[in-house]
Amino acid sequence: MLITYSDLTLELALSGSAGGLLIGYHLIHLLEVRYWPARTSLGRNNRARARWASNVMARGADILAVQTLRNWTMAATFLASTAIVIGLGILSFALTYEGLDQLNNIFHIAGIRSHKLAVIKALLVVLVFLIAFVSFSLCVRFYNHAAFLLNLPRDDQELPLDSDAAIRALSRGASAYNLGMRCYYVAIPLALWLLGPIWFLAGALVMTMLIYRLDHGLG
Numbered sequence: 000m001l002i003t004y005s006d007l008t009l010e011l012a013l014s015g016s017a018g019g020l021l022i023g024y025h026l027i028h029l030l031e032v033r034y035w036p037a038r039t040s041l042g043r044n045n046r047a048r049a050r051w052a053s054n055v056m057a058r059g060a061d062i063l064a065v066q067t068l069r070n071w072t073m074a075a076t077f078l079a080s081t082a083i084v085i086g087l088g089i090l091s092f093a094l095t096y097e098g099l100d101q102l103n104n105i106f107h108i109a110g111i112r113s114h115k116l117a118v119i120k121a122l123l124v125v126l127v128f129l130i131a132f133v134s135f136s137l138c139v140r141f142y143n144h145a146a147f148l149l150n151l152p153r154d155d156q157e158l159p160l161d162s163d164a165a166i167r168a169l170s171r172g173a174s175a176y177n178l179g180m181r182c183y184y185v186a187i188p189l190a191l192w193l194l195g196p197i198w199f200l201a202g203a204l205v206m207t208m209l210i211y212r213l214d215h216g217l218g
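Under numbering that gives the first Met the number 0, the first residue of the sequence shown carries the number 0, and numbering increases by one thereafter.
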């Protein structure tokens with residue numbers, strides 16, 4: 000299919016704006032988490048988790064710790080399984096020539112209409128879901144490790160009680176969970192990119208506003 004200069008310019012402008020918006024926002028958010036964590040939900044929740052872990056270990060509330068971590072682990076396991084299923088499903092769809100072409104013909108408004116470019120976009124979405132799968136898998140690992148640390152015997156001389164180690168494990172698990180959820184959010188505008196750059200930009204704008212509220216809200 001012949002690619003015109005106007006289609007190439009429009010594709011680069013719209014897709015570049017959408018990608019720049021997503022990347023720029025997350026870079027700013029990383030700086031906030033590092034230097035001004037109290038501004039972000041992640042920073043406030045990390046502080047709350049640290050207080051919770053210290054309280055659980057001080058009280059010896061083993062059952063409470065196990066039940067809470069079990070719920071977190073189950074959620075991460077479900078999301079990891081869902082991510083790999085969606086990723087493999089999109090990969091299978093990307094390898095189907097007719098499917099991508101039908102999307103281009105029905106929903107594509109402007110920009111480059113190319114089967115090869117559509118495959119690249121689909122593979123990028125698959126990559127994002129694979130990152131989500133790895134992140135949630137690491138989350139399960141860190142939470143399982145935290146469960147052992149939270150339930151160490153208080154009078155064990157060889158493995159003394161160390162709340163800092165448990166807090167670090169919880170924090171790493173929460174960060175991995177947060178990265179996995181962020182992959183889910185980013186995958187939506189990237190999937191819309193299969194329909195064209197206009198859809199990509201619109202999805203990036205809406206999703207950035209949503210992520211901003213989640214990153215700076217109470218939750």
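Backbone N, C-alpha and C fix where the C-beta goes; we use that ideal spot for every residue, glycine too.
1. Output yes or no for whether 8 Å exceeds the beta carbon distance between Ile210 and Tyr184.
2. Does Asn150 come out as helix, strand or coil in the three-state DSSP assignment?
3. So, helix, strand or coil for Gly195, using DSSP?
4. How is Ser162 classed by DSSP in three states: helix, strand or coil?
5. Taking C-alpha atoms, which residue in Ala117, His215, Leu123 and Asn54 lies nearest to Glu10?
6. Hey, Ala203 and Leu20: beta-carbon distance below 8 Å or not?
7. Under 8 Å Cβ to Cβ from Tyr24, same chain only, skipping five residues before and after it: list those, please.
8. Give the straight-line distance between the Cα atoms of Thr8 and Trp192, rounded to the nearest whole angstrom.
9. So what's Gly216 in DSSP terms, helix, strand or just coil?
10. Counting Cβ pairs closer than 8 Å, one from the segment 134-142 and one from the segment 50-64, do we hit at least three?
11. Can you name the start and end residues of the alpha helix (DSSP H) that Leu41 belongs to?
12. Quick check on the DSSP output: what are the complete beta strand (DSSP E) runs of length 3 or more inside the segment 118-146, in order along the chain?
13. Around the C-beta of Asp94, are 16 or more other C-beta atoms found within 10 angstroms, so that it is buried, or is it exposed?
14. Relative to the C-alpha of Leu178, which residue among Arg38, Ala17, Val32 and Ser16 is closest?
Working from what's here:
1. For this step, residue 210 is matched to residue 211 along the sequence shown. For this step, residue 184 is matched to residue 185 along the sequence shown. Taking 8 Å as the Cβ cut-off, Ile210 and Tyr184 qualify as a contacting pair.
2. Mapped onto the sequence shown, residue 150 falls at position 151. Residue state, collapsed to three classes: coil.
3. Here residue 195 is taken as the residue at index 196 of the sequence shown, counted from 1. Three-state DSSP puts Gly195 in coil, outside helix and strand.
4. Here residue 162 is taken as the residue at index 163 of the sequence shown, counted from 1. Note: Ser162 maps to helix in three-state DSSP.
5. Here the question's residue 10 lines up with position 11 in the sequence shown. Ranking Ala117, His215, Leu123 and Asn54 by Cα distance to Glu10 puts Ala117 first.
6. Residue mapping note: residue 203 aligns to position 204 of the sequence shown, counting from 1. Residue mapping note: residue 20 aligns to position 21 of the sequence shown, counting from 1. A contact, by the Cβ cut-off of 8 Å.
7. Numbered from its first residue, the sequence shown carries residue 24 at position 25. For Tyr24, where only same-chain residues beyond five positions count, the Cβ hits under 8 Å are Thr207, Ile210 and Tyr211.
8. Here residue 8 is taken as the residue at index 9 of the sequence shown, counted from 1. Here residue 192 is taken as the residue at index 193 of the sequence shown, counted from 1. Thr8 and Trp192: Cα-Cα distance of roughly 16 Å.
9. In the sequence shown, the residue the question calls residue 216 occupies position 217. Of the three classes helix, strand and coil, the one that applies to Gly216 here is coil, per DSSP.
10. no
11. Locating residue 41 in the sequence shown gives position 42, where the first residue counts as 1. It spans Ser40 to Arg58 - the alpha helix (DSSP H) in which Leu41 sits, taken as one unbroken run.
12. none
13. For the purposes of this step, residue 94 is taken as the residue at position 95 of the sequence shown. A small correction: the amino acid at residue 94 is Leu; Asp does not occupy that position in the sequence shown. The residue in question, Leu94, is exposed, as its Cβ has fewer than 16 Cβ neighbours within 10 Å.
14. In the sequence shown, counting from the first residue as 1, residue 178 sits at position 179. Closest option to Leu178, Cα to Cα, is Val32.
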